[in-house]
Amino acid sequence: MRRSTNRAHGLSILALVAAAPLLAAAPAAAQSRGPVPYDAERGVFSFASGLEQALPAVVQVTTLGQSEGPSSGENEPKPVSSGSGAIIDAAEGIVVTNNHVVEGGRKFTVDLTDGRIFDAVLIGTDKATDLAVLKFDAAGLSAIEVVDSDQLRTGDLAFAVGYPLGLDQTLTMGVISGLGRSGMGDRIEDYIQTDAAVNSGNSGGPLLDSRGRLIGINTSILSGGGGGNDGIAFAVPSRILMYVVDQLRTTGEVRRGSTGAILGSLNAARSREFGLGIVRGAVIESVAPGSSAEAAGLRRGDVVTRIQNRPVSNAGTVAATIGIAEPGTRVEVVYLREGREGRATLSVESPGDRSVVTGSDIVMARGLSARSGPDGLQVFAVEGGSVAAGAGLQAGDLIRLVDDSAVMGLDGLAAALGEDGQRILSVMRDGEPVEITLP
Numbered sequence: 033m034r035r036s037t038n039r040a041h042g043l044s045i046l047a048l049v050a051a052a053p054l055l056a057a058a059p060a061a062a063q064s065r066g067p068v069p070y071d072a073e074r075g076v077f078s079f080a081s082g083l084e085q086a087l088p089a090v091v092q093v094t095t096l097g098q099s100e101g102p103s104s105g106e107n108e109p110k111p112v113s114s115g116s117g118a119i120i121d122a123a124e125g126i127v128v129t130n131n132h133v134v135e136g137g138r139k140f141t142v143d144l145t146d147g148r149i150f151d152a153v154l155i156g157t158d159k160a161t162d163l164a165v166l167k168f169d170a171a172g173l174s175a176i177e178v179v180d181s182d183q184l185r186t187g188d189l190a191f192a193v194g195y196p197l198g199l200d201q202t203l204t205m206g207v208i209s210g211l212g213r214s215g216m217g218d219r220i221e222d223y224i225q226t227d228a229a230v231n232s233g234n235s236g237g238p239l240l241d242s243r244g245r246l247i248g249i250n251t252s253i254l255s256g257g258g259g260g261n262d263g264i265a266f267a268v269p270s271r272i273l274m275y276v277v278d279q280l281r282t283t284g285e286v287r288r289g290s291t292g293a294i295l296g297s298l299n300a301a302r303s304r305e306f307g308l309g310i311v312r313g314a315v316i317e318s319v320a321p322g323s324s325a326e327a328a329g330l331r332r333g334d335v336v337t338r339i340q341n342r343p344v345s346n347a348g349t350v351a352a353t354i355g356i357a358e359p360g361t362r363v364e365v366v367y368l369r370e371g372r373e374g375r376a377t378l379s380v381e382s383p384g385d386r387s388v389v390t391g392s393d394i395v396m397a398r399g400l401s402a403r404s405g406p407d408g409l410q411v412f413a414v415e416g417g418s419v420a421a422g423a424g425l426q427a428g429d430l431i432r433l434v435d436d437s438a439v440m441g442l443d444g445l446a447a448a449l450g451e452d453g454q455r456i457l458s459v460m461r462d463g464e465p466v467e468i469t470l471p
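Position 288 (the sequence shown) corresponds to 320 in my numbering; numbering is contiguous.
As structure tokens, this is what we get:
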């Protein structure tokens with residue numbers, strides 16, 4: 033997996049040429065409703081009229097790092113990374129981009145297509161969705177219209193726009209290859225997959241529909257090893273994007289709802305353990321006492337296969353739905369228990385202020401979830417964007433010490449991680465000792 037975003041990825045011209053006689057012979061009204069827009073004045077097929085209105089709102093984002101010491105001469109901020117962004121609010125100068133484009137930066141600039149450049153202020157970031165919001169002041173801005181990504185269908189045309197590989201603004205074309213993609217970890221995942229060419233430098237740029245409306249923000253590609261574009265790119269859908277942006281603009285952070293169900297991802301080994309014939313789903317590892325999940329009758333070992341009528345690939349799929357639901361929202365889930373299908377309705381709860389959640393046989397704190405196993409206390413899940421994820425903790429780590437002291441069971445771990453302040457975890461990973469600092 034490699035983060036990046038656009039390189040030219042040709043769409044077959046033959047299909048367009050083959051369609052030309054049919055479109056040319058059709059009445060003007062039919063031409064406007066045809067599969068490919070036809071510009072009768074120029075005699076060419078073109079999506080330009082729909083896309084041109086969006087292009088001025090696609091910007092280049094440059095992140096600069098600040099050297100230590102006085103800010104003068106060679107110690108002035110220097111570019112450390114660059115990517116793309118989309119203006120979604122022209123009046124306020126709001127730009128959405130990727131978190132990994134701005135991460136580690138001290139200063140940020142935004143370059144417009146008309147040649148102007150402005151300093152920008154970072155409003156907030158969300159690692160779990162790899163999104164960030166910048167703000168800058170300028171006159172004469174335009175914004176991209178945002179539409180509901182839930183209306184997308186596999187096979188829809190899609191256009192990626194950005195500043196790839198050091199080039200000026202570049203537009204590439206493809207189709208929506210898949211929806212609801214996940215499986216790249218336990219992060220908040222519900223990606224749009226497209227074969228529109230996306231390369232380094234396109235990160236944070238918009239994915240547009242054929243009318244130039246924003247349906248997602250390009251965030252990553254899947255590469256075969258050469259680092260180039262292999263026609264598999266992923267975008268955060270507007271459904272998640274706008275919730276995160278609103279939270280960041282309002283509070284500077286994203287506070288996600290919960291149901292009290294602590295989840296892990298189904299894999300081949302767990303599927304065999306449960307005697308299932310599937311490898312996609314989210315396993316309920318534990319249920320917090322008094323929670324909505326407990327009230328709905330869910331239990332440890334249930335495997336969630338659908339949520340709000342969406343197929344569940346892993347724990348990230350569930351987190352993507354629950355995490356953008358307002359408190360009080362009723363969420364329908366389908367699950368398997370001992371091979372039989374069941375249904376339950378959960379009520380999304382406000383995020384609690386407790387730093388530690390204790391289930392029947394698990395502890396969840398600072399984004400890590402751990403249980404007792406034959407080899408000791410084992411981390412079985414790490415929440416994307418959490419303190420634990422940022423510190424480098426991984427599922428499978430065995431916790432040996434906290435602040436150089438042995439941990440006495442789950443109660444001891446809950447007590448140690450429930451205290452305020454930094455904690456140093458000594459863990460074993462693949463037989464090797466690793467030290468993790470939790471801020």
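Glycine included, C-beta positions come from ideal geometry on N, C-alpha and C.
What are the residues that DSSP puts in a beta bridge with residue i?
i, result
"ALA18", "Nothing can be reported for residue 18: it is not among the residues displayed for the chain, which extend from 33 to 471."
"ARG461", "GLU464"
"ARG369", "ARG372"
"ASP71", "VAL76"
"ILE456", "THR469"
"ASP121", "ILE126"
"THR204", "ALA192"
"SER401", "MET396, ALA413"
"LEU166", "VAL127, LEU154"
"SER114", "THR94"
"GLY210", "GLN225"
"THR390", "VAL395"
"PRO343", "ARG338"
"SER235", "Note: SER235 sits in no beta bridge, so no partner."
"SER379", "ARG362"
"ILE431", "LEU409, VAL459"
"ALA438", "LEU433"
"VAL178", "LEU246"
"LEU240", "PHE191, LEU246"
So, under 8 Å CB-CB, residue i and residue j are touching, yes? Tell me the CB distance rounded to an integer number of Å.
i, j, result
"GLY289", "GLU381", "6 Å"
"GLN225", "SER235", "With 8 Å as the limit, GLN225 and SER235 do not qualify as a contact, their Cβ atoms being about 16 Å apart."
"LEU95", "VAL134", "Note on residue identity: the sequence assigns Thr, not Leu, to residue 95. About 5 Å; that satisfies the 8 Å criterion."
"ILE272", "ALA347", "About 16 Å; that fails the 8 Å criterion."
"VAL315", "VAL335", "6 Å"
"ALA175", "ALA122", "4 Å"
"LEU246", "ILE120", "7 Å"
"ALA118", "PRO238", "4 Å"
"LEU449", "ALA397", "4 Å"
"MET274", "VAL178", "6 Å"
"LEU400", "VAL439", "Not confirmed; about 13 Å, so no contact."
"ARG432", "VAL411", "Not really, about 12 Å apart at Cβ, beyond 8 Å."
"VAL434", "PRO471", "Wrong, their Cβ atoms sit about 14 Å apart, outside the cutoff."
"THR377", "GLU221", "Their Cβ separation, rounded to whole angstroms, is 23 Å, which puts THR377 and GLU221 out of contact at 8 Å."
Sorted by chain position, which residues of the same chain lie with C-beta nearer than 7 Å to residue i's C-beta, five sequence neighbours on each side aside?
i, result
"VAL395", "VAL388, ALA402, LEU442, LEU445, ALA446"
"ASP158", "ASN131, VAL276, LEU280, VAL286, GLY417"
"GLY313", "LEU298, VAL335, VAL336, THR337, VAL344"
"LEU211", "LEU184, THR186, ILE224"
Spatial neighbours of residue i within its chain, please: C-beta separation below 8 Å, excluding the five flanking residues on both sides.
i, result
"THR361", "GLY289, SER379, VAL380"
"VAL326", "Correcting the residue type first, residue 326 is Glu in the shown sequence and not Val. Closer than 8 Å at the Cβ level, and outside the excluded window around GLU326, lie GLY292, VAL319, ALA320."
"ARG138", "LEU96, GLY97, GLN98, PRO109"
"GLU358", "GLY289, VAL380"
"VAL127", "VAL91, VAL93, GLY117, ALA118, ILE119, ILE120, VAL142, ALA152, VAL165, LEU166, LYS167, PHE168"
"GLY5", "Outside the modelled stretch of the chain, which goes from 33 to 471, sits residue 5, for which no answer is possible."
"GLU317", "ILE294, LEU295, GLY296, ARG332, GLY391, ILE394, SER401, ARG403, PHE412, ALA413"
Whose C-beta lies closer than 6 Å to the C-beta of residue i among residues of the same chain, with five residues either side of it excluded?
i, result
"ALA60", "Only weak support is given to the placement of ALA60: the predicted model assigns it a pLDDT of 42, under 50, and the question is left unresolved by the model."
"PRO465", "none"
"GLU415", "GLY399"
"VAL76", "none"
Check whether chain C comes within 8 Å of residue i, counting only Cβ atoms and requiring the distance to be less than that.
i, result
"ASN131", "Judged by its chain identifiers, the structure shown contains no chain C, having just a single protein chain."
(request) Examine the Cβ distances between the stretch 110-117 and the stretch 192-200 and report whether three or more of them are shorter than 8 Å. (result) yes
(request) List in chain order: all unbroken alpha helix (DSSP H) runs of 4+ residues lying wholly within the stretch 284-338. (result) 300-306, 324-327
(message) Does the stretch 137-148 come into contact with the stretch 261-268, if we say contact requires no fewer than three beta-carbon pairs (one atom in each stretch) closer than 8 Å?
(response) Contact between the stretch 137-148 and the stretch 261-268 is absent, with fewer than three C-beta pairs closer than 8 Å.
(request) Assess, as a yes-or-no matter, whether the stretch 296-303 is touched by the stretch 318-333 under the definition of 3 or more beta carbon pairs within less than 8 Å. (result) Result no; under three Cβ-Cβ pairs closer than 8 Å.
(request) Could I get the ranges of all uninterrupted beta strand (DSSP E) runs contained in the stretch 130-159, with 3 residues as the minimum, in chain order? (result) 139-143, 149-158
(message) Measuring CB atoms only, is the stretch 424-432 touching the stretch 165-180, in the sense that at least three cross pairs come out at less than 8 Å?
(response) no
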